[in-house]
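Novice: My questions will all concern the structure given below.
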Amino acid sequence: MIELRNLTRGDGPAVQRIYSGASVAFTRTHGMTAKEAADYVEHTIDHARATPRERWCFVIIAGGDGVVGLVKFRKRGQQHATVSYILREDTWGNGYATDALKQTVAYAFTHAGITRLSAKHHPDNPASGRVLIKAGFVQTGSTPTGPTLGRPRVDFPVYEIRRPQDPDNQT
18 MIELRNLTRG DGPAVQRIYS GASVAFTRTH GMTAKEAADY VEHTIDHARA
68 TPRERWCFVI IAGGDGVVGL VKFRKRGQQH ATVSYILRED TWGNGYATDA
118 LKQTVAYAFT HAGITRLSAK HHPDNPASGR VLIKAGFVQT GSTPTGPTLG
168 RPRVDFPVYE IRRPQDPDNQ T
């Protein structure tokens, strides 16, 4: 259904389109200018080259819709990372975020040494919570976040997923 790939220098216009309109309504950011999007792409490429690697960011490509979003994760501890995703608003409701998140979870568990991923979403964006649940995450509580960009402090639902234990390596 979708494909994930690392960002390339030509992705600035797509990133700017993703970070615009209703897509940023529940984020801590604002719509990006062309320069901000180009800088974001450059910083992301730099992070991909870092050793040890602490951040991963992939574009989400959906056939005829092209680049429809981003999915990323960032190490927060030895084997823990936080994951987030954002889609262009004109591509919502097609299962792209769920599919991208499932692929990202598999990648994190098999290639990045991650054993636990966590995520949160704005309480006024329940669709994001449904994406997390469909991808296998379980709600574990909530955390206060904010105020940001003039928005009030609110409690964000928190979710996590853990890498399954290897049945041959149990103690």
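Residue numbers (this note's numbering): 18 to 188.
A virtual CB, placed ideally from N, CA and C, is assigned to each residue, including glycine.
What you are looking at is a predicted structure, and each value in this text was computed from that prediction instead of being measured.
Mind checking who residue 160 pairs with in its DSSP beta bridge?
Specialist: For residue 160, which the question treats as bridged, DSSP gives the partners 173.
Novice: For the stretch 42–91, which segments carrying the alpha helix (DSSP H) assignment without a break, of at least 4 residues, lie completely within its bounds, in sequence order?
Specialist: Listed in chain order, they are 51–66.
Novice: DSSP three-state label for residue 19, please.
Specialist: In the structure shown, residue 19 sits in coil (DSSP, three-state: anything other than H, G, I, E or B).
Novice: Could you check how far apart the C-beta atoms of residue 134 and residue 125 are, in whole angstroms? I think they sit under 8 Å.
Specialist: Their Cβ separation, rounded to whole angstroms, is 6 Å, which keeps residue 134 and residue 125 in contact under 8 Å.
Novice: Work out the CA separation of residue 112 and residue 151 for me, nearest whole Å.
Specialist: The alpha-carbon atoms of residue 151 and residue 112 are separated by roughly 10 Å.
Novice: Enumerate in chain order the residues of its own chain whose CB-to-CB distance from residue 23 is below 7 Å, with the five nearest sequence positions on each side excluded.
Specialist: Closer than 7 Å at Cβ, skipping near neighbours: 65 and 75.
Novice: Report yes or no: do three or more beta-carbon pairs, one from the stretch 98–109 and one from the stretch 51–58, lie closer than 8 Å?
Specialist: The stretch 98–109 vs the stretch 51–58: no contact.
Novice: Can you have a look at residue 107 and say buried or exposed, based on whether 16 or more other CB atoms are within 10 angstroms of its CB?
Specialist: Exposed: under 16 other Cβ atoms inside 10 Å.
Novice: Measuring alpha carbon to alpha carbon, tell me which residue in 54, 70 and 87 is nearest residue 19.
Specialist: For residue 19, the nearest C-alpha among the options comes from 87.
Novice: The alpha helix (DSSP H) that contains residue 35, what's its start and end?
Specialist: It spans 29–35 - the alpha helix (DSSP H) in which residue 35 sits, taken as one unbroken run.
Novice: So, for residue 21: in the same chain, excluding its five sequence neighbours on each side, which residues have a beta-carbon less than 8 Å away from its beta-carbon?
Specialist: Excluding sequence neighbours, residue 21 sits near 75, 76, 77, 78, 88, 117, 120, 121 and 124.
Novice: For residue 188, which residues from the same chain have a beta carbon less than 6 Å from its beta carbon, with the 5 sequence-adjacent residues on both sides left out?
Specialist: With a pLDDT of only 42 at residue 188, under 50, the local geometry of the prediction cannot be trusted, and no value is derived from it.
Novice: When DSSP builds the beta bridges, which residues end up paired with residue 103?
Specialist: In DSSP, residue 103 forms a bridge with 87.
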